[in-house]
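Below is one structure, written out as structure tokens; the observations come after it.
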Amino acid sequence: MRIAEFKISRVLPLTIVLLGAILSIACENDIKDIDRLANIQKEEAVDISKDVTVIYSDSAKVKAELKAPEMRVYHDSTGNYEFKKGVQIIFFDDQAKEMQRVTSEYALQKHLEGLTEFRKNVVITKVDGTVIKTEELIYDEKNKKYYGSQPITAEYNDGRTSAQGTSFTADADFNDIRFMNGTAIHYSTSDSQIPSFGN
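For what it's worth, the numbering used here labels the leading residue of the sequence shown as -9, then goes sequentially.
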């Protein structure tokens, strides 16, 4: 009988130790799983929509059309809209005719601040053929103006005038662009009213 008691007294503590080790490993995995799930929930505070077209209207008149391959809407304290794969916005006048379009490889609408940022290969094309290029374009919704701190170039519709600047401000229609440290080149023609010097 002593042999049987000896085996039970040695097996029972070993079994308890093994069971405890298994349970502690299982608990450790559960904690890791809980942490992983908690992080996923934090990261997933965003809606992602693919191949988006959004029509903006005011008083039953279409003002703009936004197209993007992907739009992210953040459900955090910012409420931002992000376009990581680029965006194109076409603006219309009161007769629903295109006035201008803005394209960029990245855009971020900061809802609370009233700012929309366009970055990377930003191109503004006006209906008259004027093309404006920069790496940064910011639209201030409250003041209804654009500005940027990156170099800008403008090729005007006449095909003879171009302008550059280190930064700029502009009205909402890009009719009044103020270049900082700007230069311009104008190629005159024989019927031009600009005087030529020695040509």
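Positions of the beta carbon are idealized from the N, C-alpha and C atoms, including for glycine.
Within its chain, find whatever has a CB closer than 7 Å to the CB of residue i; leave out the 5 residues flanking it on each side and keep chain order.
i     : result
M(-9) : At M(-9) the pLDDT is 48, less than 50, meaning the model places this residue with poor confidence; the figure from the coordinates comes in the next sentence. If we look at M(-9) and ignore the five residues flanking it on each side, it has no Cβ neighbours.
A35   : Y64, H65 and D66
F158  : Y137, G138, I142, I167, R168, F169 and M170
D191  : The displayed coordinates of the chain run from -9 to 189. Any statement about residue 191 would go beyond what the structure contains.
Quick one: residues in its chain with C-beta nearer than 6 Å to the C-beta of residue i, no 5 flanking neighbours on either side, listed in chain order?
i    : result
T151 : H176
K57  : T43 and Q78
Q83  : The sequence as given places Asp at residue 83; Gln does not occur at that position. Hits under 6 Å: M89.
T143 : K123 and Q154
G76  : E95
A162 : K134
R62  : V36, I38 and E72
Whose C-beta lies closer than 8 Å to the C-beta of residue i among residues of the same chain, with five residues either side of it excluded?
i    : result
E126 : E107, F108, R109, V112, G138, S139 and Q140
D130 : G104, L105, Y136 and Y137
K100 : T68, N70, T106 and E107
A160 : K135, Y136, Y137, D166, I167 and R168
F164 : Q90, I114, K116, T120, I122 and Y136
A86  : K51 and V52
D118 : N147
I128 : L105, T106, E107, F108, Y136, Y137 and G138
A54  : I45, Y46, I79, I80, F81 and F82
My assumption, with CB atoms under 8 Å, is that residue i sits in contact with residue j. Please give the rounded CB distance.
i    : j    : result
E145 : T120 : 7 Å
F81  : Y96  : Rounded, the Cβ-Cβ distance is 19 Å, inconsistent with contact.
L102 : T68  : 6 Å
N173 : A153 : According to the sequence provided, residue 173 is Thr. The question's Asn does not apply to it. Their Cβ separation, rounded to whole angstroms, is 7 Å, which keeps T173 and A153 in contact under 8 Å.
I45  : E60  : Not quite, the Cβ-Cβ distance comes to about 18 Å (not below 8 Å), so this is no contact.
N171 : T156 : 4 Å
What is the DSSP secondary structure of residue i, reduced to helix, strand or coil?
i     : result
T156  : coil
R168  : strand
A174  : strand
D163  : coil
T151  : strand
M(-9) : Low confidence applies here, because M(-9) scores a pLDDT of 48, under 50, leaving its location unreliable and the question unanswered by this model.
TODO: For the stretch 103 to 147, list the beta strand (DSSP E) runs that are entirely contained and at least 3 residues long, ordered along the chain.
DONE: Qualifying beta strand (DSSP E) stretches, in chain order: 105 to 116, 121 to 130, 135 to 138 and 142 to 145.
TODO: Please list the segments of the beta strand (DSSP E) lying wholly inside the stretch 30 to 105, counting only runs of 3 or more residues, in order along the chain.
DONE: 36 to 48, 51 to 64, 71 to 73, 77 to 82, 88 to 94 and 96 to 100
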